[in-house]
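Peer 1:
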Amino acid sequence: MRVVRQFGLNWFTTVMGIGIVAALTYTSPITIPLQHVVGVTLFAALNVVFISAFVMWLLRWVLATETAVDDFRKPGRALFYGAFAMGLNVVGNDYFLIGTHLLPRLLAIHISIGIWLAGTLASLFTVIVVPYLLFAEHRVEREETVASWLIPLVPPIVAAATGTNLLPYVGGSAVQFAMLAVIVAMFGVTFFLFILMSTLVYARLVYHRRLSGQEAPSLWVEIGPIGMSMGTMCGLPIQANHLFGAYANALHAFAEVFAMAMWGIGVWWILISTMHTLLHVTRRGDGLPFHLGWWSYVFPIGSFTSGTYALDHLMGHSFFAIAGVVQLAILWVCFTVVFVRTTMGIVKGELMTWRAVHQLEGSEHVCAQAKRA
Numbered sequence: 303m304r305v306v307r308q309f310g311l312n313w314f315t316t317v318m319g320i321g322i323v324a325a326l327t328y329t330s331p332i333t334i335p336l337q338h339v340v341g342v343t344l345f346a347a348l349n350v351v352f353i354s355a356f357v358m359w360l361l362r363w364v365l366a367t368e369t370a371v372d373d374f375r376k377p378g379r380a381l382f383y384g385a386f387a388m389g390l391n392v393v394g395n396d397y398f399l400i401g402t403h404l405l406p407r408l409l410a411i412h413i414s415i416g417i418w419l420a421g422t423l424a425s426l427f428t429v430i431v432v433p434y435l436l437f438a439e440h441r442v443e444r445e446e447t448v449a450s451w452l453i454p455l456v457p458p459i460v461a462a463a464t465g466t467n468l469l470p471y472v473g474g475s476a477v478q479f480a481m482l483a484v485i486v487a488m489f490g491v492t493f494f495l496f497i498l499m500s501t502l503v504y505a506r507l508v509y510h511r512r513l514s515g516q517e518a519p520s521l522w523v524e525i526g527p528i529g530m531s532m533g534t535m536c537g538l539p540i541q542a543n544h545l546f547g548a549y550a551n552a553l554h555a556f557a558e559v560f561a562m563a564m565w566g567i568g569v570w571w572i573l574i575s576t577m578h579t580l581l582h583v584t585r586r587g588d589g590l591p592f593h594l595g596w597w598s599y600v601f602p603i604g605s606f607t608s609g610t611y612a613l614d615h616l617m618g619h620s621f622f623a624i625a626g627v628v629q630l631a632i633l634w635v636c637f638t639v640v641f642v643r644t645t646m647g648i649v650k651g652e653l654m655t656w657r658a659v660h661q662l663e664g665s666e667h668v669c670a671q672a673k674r675a
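Heads up: the sequence shown begins at 303 in the numbering used here, then just goes up one per residue.
1) To the nearest angstrom, how far is the alpha carbon of L502 from that of R407?
2) Comparing the C-beta of T367 with each C-beta of chain D, is any distance below 7 Å?
3) Residues in its own chain within less than 7 Å of L538 by CB, not counting five upstream and five downstream?
4) May I ask you to report which of helix, strand or coil DSSP gives R511?
5) Using only CA atoms, which one of F606, A548 and I540 lies nearest to M532?
6) By Cβ distance below 6 Å, which residues in the same chain neighbour A461 in space, the five residues on each side in sequence not counted?
7) Buried or exposed: G529, going by 16 or more other Cβ atoms within 10 Å of its Cβ?
8) Exposed or buried, which one is W571 when buried takes at least 16 other CB atoms within 10 Å?
9) Between the Cα of L326 and those of L399, E368 and G384, spot the shortest distance and give me the residue it belongs to.
10) Give the straight-line distance between the Cα atoms of F494 and F601, rounded to the nearest whole angstrom.
11) Let me know the secondary structure DSSP gives L435 once reduced to three states.
12) Starting from the Cα of N312, find the closest Cα among T367, L482, F352 and G587 and give me that residue.
13) Determine, using beta carbons only, whether G321 and L348 come nearer to each other than 7 Å.
14) Within 10 angstroms of the Cβ of R674, are there 16 or more other Cβ atoms? Answer buried if so, exposed if not.
15) In whole angstroms, what is the alpha-carbon distance linking T492 and R307?
16) Evaluate contact between the region 536–551 and the region 564–580, counting only Cβ atoms and requiring at least three cross-stretch pairs below 8 Å.
17) So for F592, helix, strand or coil by DSSP?
18) For A625, which of helix, strand or coil comes out of DSSP?
19) Which of the three DSSP states, helix, strand or coil, is assigned to E445?
20) Return the chain-ordered list of same chain residues with a C-beta closer than 7 Å to the C-beta of A370, the five sequence neighbours on each side being excluded.
21) Determine, using beta carbons only, whether G319 and W597 come nearer to each other than 7 Å.
22) Let me confirm a value: W418 is counted as buried when at least 16 other C-beta atoms fall within 10 Å, else exposed. Which label applies?
23) Assuming I453 contacts G401 under a Cβ cut-off of 8 Å, what Cβ separation, rounded to an integer in Å, is found between them?
24) Quick one: residues in its chain with C-beta nearer than 7 Å to the C-beta of T447, no 5 flanking neighbours on either side, listed in chain order?
25) Could you give the DSSP three-state label for S605: helix, strand or coil?
26) Nearest to W634 by CA position, among G341, M303 and R586, is which residue?
27) Measuring alpha carbon to alpha carbon, tell me which of T343, F374, L381 and F386 ends up nearest F356.
28) Return the CA-CA distance between F437 and D372, expressed in angstroms with no decimal places.
29) Taking the continuous alpha helix (DSSP H) assigned at M562, which residues delimit it?
30) Between F295 and I430, what straight-line distance do the alpha-carbon atoms span, to the nearest angstrom?
31) Please classify V393: does DSSP put it in a helix, a strand, or coil?
32) Please classify P527 as buried or exposed, where buried requires at least 16 neighbouring CB atoms within 10 angstroms.
33) For R585, which option in Q629, G515 and V456 has the closest C-alpha, if you only look at C-alpha atoms?
34) Less than 7 Å between the beta carbons of L613 and A561, yes or no?
35) Among V472, D588 and T638, whose alpha-carbon lies nearest the alpha-carbon of R511?
36) Would you identify the three-state DSSP class for W418, choosing helix, strand or coil?
Set out below in structure tokens:
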């Protein structure tokens with residue numbers, strides 16, 4: 303019960319991070335050693351972590367219902383329903399990109415479609431309910447604005463980007479067009495809200511105190527929807543070209559220009575976020591205390607890298623293939639650090655208290671004796 307009560311939806315950020323690193327490693331545009339072995343290993347780990355997190359979430363509703371309901375009353379906790387929705391979409395996408403090479407192809411595609419439908423419903427729930435609660439129930443101040451508020455707004459565009467891959471596999475042209483309409487609509491919802499939210503974040507950075515070391519990782523969240531917008535727009539001319547008829551060529555040209563422009567703003571956000579991060583490791587900063595928010599160094603960078611991959615697929619230019627692999631290397635550095643710190647935090651009981659208090663005190667006593675010896 304202690305563990306169940308402590309389990310928050312922010313743990314689904316680990317699902318998002320592991321899943322996107324697995325997919326990007328497996329599908330690297332330039333062949334790298336052991337990419338498929340590493341990708342499959344991470345895919346297996348993803349399934350274990352996702353199932354564990356999903357079971358914990360269900361148990362929380364059954365065994366600690368009041369605590370689960372209370373998530374909706376706290377703005378800092380409610381927003382992580384977005385992580386739950388994005389986690390679903392990432393898992394479904396990995397079954398398409400990796401699972402089709404491990405399972406019977408048709409089975410993996412059906413699993414991917416089923417998870418995508420669940421992720422889409424969760425995404426729509428999140429993007430409607432959480433902002434409404436922020437508008438009508440929660441009390442926040444302007445100086446409290448952080449980019450983490452994007453988390454419940456981003457899931458529809460993640461569902462749009464991952465759903466684009468599935469378009470050719472959902473039936474006849476009528477069904478495909480209906481799915482296309484949903485995908486474009488979800489893209490529009492998140493992209494519009496992303497612009498509004500980014501304006502608030504920019505204003506907060508200009509007019510209020512600087513981000514603390516605790517808050518600094520949140521700035522990286524801005525990069526996530528940029529990458530997913532690139533992935534969606536680049537995927538449409540490839541997967542849905544036949545549905546646009548006479549407008550297909552125009553869509554292809556627009557996608558190239560749009561995605562390259564978004565790539566530019568993504569690089570800008572990465573530089574600004576990096577400068578904020580480095581500031582806090584100097585004497586002028588507050589330090590960077592570890593918490594689960596560090597997974598913001600993983601999924602958003604992975605999202606942007608997936609957008610770069612999509613540009614390479616659309617244009618076939620070596621520039622974006624090389625850029626994608628460079629970004630993958632940076633992603634792996636961030637992922638390794640965050641994964642190791644998270645594992646250590648779990649084992650030590652720092653991120654989640656899973657041992658009795660007397661056990662913890664006993665281990666500390668043993669450590670103290672060892673140091674004296």
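Ideal Cβ positions, reconstructed from N, Cα and C, are used throughout, including at glycine. This structure is a prediction, so every number in the text was calculated from the model and none was measured.
Peer 2: Reading from the atomic positions:
1) As a position in the sequence shown, residue 502 is number 200, starting the count at 1. As a position in the sequence shown, residue 407 is number 105, starting the count at 1. The alpha-carbon atoms of L502 and R407 are separated by roughly 44 Å.
2) No chain D appears in the structure shown, which is made up of a single protein chain.
3) Walking along the sequence shown from the start, residue 538 turns up at place 236. For L538, where only same-chain residues beyond five positions count, the Cβ hits under 7 Å are T466, L553 and A557.
4) Sequence index remark: in the sequence shown, residue 511 carries index 209 (1-based). Here DSSP, grouped into helix, strand and coil, assigns R511 to coil.
5) Here residue 532 refers to the residue found at position 230 of the sequence shown. Answer by Cα proximity: F606.
6) Residue 461 sits at position 159 when you count from the first residue of the sequence shown. Within the same chain, A461 has close Cβ partners N391, G421, T422, S425 and M488.
7) As a working mapping, residue 529 is identified with position 227 in the sequence shown. In summary, G529 is buried, with 16 or more beta-carbon neighbours lying within 10 Å of its beta-carbon over all protein chains present.
8) Along the sequence shown, one-based indexing puts residue 571 at 269. Classification for W571: buried.
9) Here the question's residue 326 lines up with position 24 in the sequence shown. It is L399 whose Cα lies nearest to the Cα of L326.
10) The residue you call residue 494 lines up with position 192 of the sequence shown. The residue you call residue 601 lines up with position 299 of the sequence shown. Pairing F494 with F601, the inter-Cα distance amounts to about 21 Å.
11) If you number the sequence shown from 1, residue 435 lands on position 133. L435 falls in the helix class under three-state DSSP.
12) As a first step, residue 312 must be located in the sequence shown, where it is residue number 10. Checking every option, the nearest Cα to that of N312 belongs to F352.
13) Stepping through the sequence shown from its first residue, residue 321 is reached at position 19. Stepping through the sequence shown from its first residue, residue 348 is reached at position 46. Yes. Within cutoff.
14) Locating residue 674 in the sequence shown gives position 372, counting from the first residue. Reliability of the predicted coordinates at R674 is poor, the pLDDT of 47 falling under 50, and the value obtained from them is presented with this limitation in mind. Burial call: exposed.
15) The residue given as residue 492 occupies position 190 in the sequence shown. The residue given as residue 307 occupies position 5 in the sequence shown. Between T492 and R307, the C-alpha separation is close to 31 Å.
16) No, the region 536–551 is not in contact with the region 564–580.
17) As a working mapping, residue 592 is identified with position 290 in the sequence shown. Three-state DSSP puts F592 in coil, outside helix and strand.
18) Here residue 625 is taken as the residue at index 323 of the sequence shown, counted from 1. In the three-state scheme derived from DSSP, where H, G and I count as helix and E and B as strand, A625 is classed as helix.
19) Walking along the sequence shown from the start, residue 445 turns up at place 143. Taken through DSSP and simplified to helix, strand or coil, E445 comes out as helix.
20) Counting from one through the sequence shown, the residue named residue 370 turns up at place 68. Correct list, in chain order: R362 and W363.
21) As a first step, residue 319 is located in the sequence shown; it is residue number 17 there, counting from the start. As a first step, residue 597 is located in the sequence shown; it is residue number 295 there, counting from the start. Inclusion of G319 and W597 in the CB contact set at 7 Å is warranted, their separation being smaller than that value.
22) As a position in the sequence shown, residue 418 is number 116, starting the count at 1. Label assigned to W418: buried.
23) Within the sequence shown, numbered from 1, the residue matching residue 453 stands at position 151. Within the sequence shown, numbered from 1, the residue matching residue 401 stands at position 99. Approximately 26 Å separates the beta-carbon atoms of I453 and G401; this is outside 8 Å, ruling out the contact.
24) Start at 1 with the first residue of the sequence shown, and residue 447 comes out as number 145. Hits under 7 Å: L502, V503 and R506.
25) The residue labelled residue 605 in the question sits at position 303 within the sequence shown. In this structure, DSSP gives S605 a helical state, which the three-state scheme calls helix.
26) Working through the sequence shown from its first residue, we reach residue 634 at position 332. With distances taken between Cα atoms, W634 lies closest to G341.
27) Counting from 1 along the sequence shown, the entry for residue 356 is found at position 54. Out of T343, F374, L381 and F386, F386 has the C-alpha closest to the C-alpha of F356.
28) Looking up residue 437 in the sequence shown gives position 135. Looking up residue 372 in the sequence shown gives position 70. Between the alpha carbons of F437 and D372 lies a distance of about 17 Å.
29) Stepping through the sequence shown from its first residue, residue 562 is reached at position 260. It spans A550 to L581 - the alpha helix (DSSP H) in which M562 sits, taken as one unbroken run.
30) The question about residue 295 has no answer here: the residues shown for the chain are numbered 303 through 675.
31) The residue given as residue 393 occupies position 91 in the sequence shown. It is helical.
32) Walking along the sequence shown from the start, residue 527 turns up at place 225. P527 should be labelled buried.
33) Mapped onto the sequence shown, residue 585 falls at position 283. For the set Q629, G515 and V456, the Cα lying nearest the Cα of R585 is the one of G515.
34) Walking along the sequence shown from the start, residue 613 turns up at place 311. Walking along the sequence shown from the start, residue 561 turns up at place 259. Contact flag set, yes.
35) Counting from 1 along the sequence shown, the entry for residue 511 is found at position 209. Of V472, D588 and T638, the residue nearest in Cα terms is D588.
36) What you label residue 418 is simply residue 116 of the sequence shown in a count that begins at 1. W418: helix per DSSP, three-state reduction.
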